[in-house]
Amino acid sequence: MRDPKHVTDSDAVLVPSQFMADYYREALGLSCTVLPTLVDHEQVRAERSGQDFVVFINPSVENGVYAFARIADELGRRRPDIPLLIVEAQGTEETLAG
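Residue numbers (numbering that gives the first Met the number 0): 0 to 97.
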């Protein structure tokens with residue numbers, strides 16, 4: 000977080016996961032409220048297809064595209080049997096090339 004003042008001066012902080020609530024409590028001493036998920040995971044769970052991938056969704060700098068590029072490079076050399084699947088929903092080819 001670039002400037003924790005944005006959240007530490009807030010009256011309330013809502014977060015999407017217990018992980019994030021724990022992180023803010025440990026990092027900033029901040030008490031957060033975890034929002035309940037609106038997704039019924041049992042209803043949207045995919046059947047096993049028999050295909051396994053390392054998946055990266057929305058390739059962008061903010062989502063760690065450079066770290067993923069490093070992981071992909073290492074996997075290509077060490078474990079070429081593990082396929083990669085990149086799903087673009089927000090990023091562009093320019094993001095990956097840039």
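Just so it is clear, CB atoms sit at the ideal spot from N, CA and C, and this is done for glycine as well.
Distance, residue j Cα to residue i Cα
i   : j   : result
V33 : G75 : 38 Å
L29 : T36 : 21 Å
S9  : L83 : 40 Å
D72 : Y65 : 11 Å
H5  : V14 : 14 Å
A11 : E25 : 17 Å
Cβ shell of residue i (< 6 Å), same chain only, five flanking positions each side left out
i   : result
F67 : F55
E41 : none
Beta-carbon contacts of residue i that lie in its chain and below 7 Å, excluding the five residues immediately before and after
i   : result
D39 : none
Q17 : V33
I85 : F55, P58
T7  : L27, L29
R44 : none
Touching by the beta-carbon criterion (3+ pairs, under 8 Å), the region 15-23 and the region 48-67 = no
key: Segments of 4+ residues assigned as alpha helix (DSSP H) that fall wholly inside the region 14-53   = 17-27, 40-43
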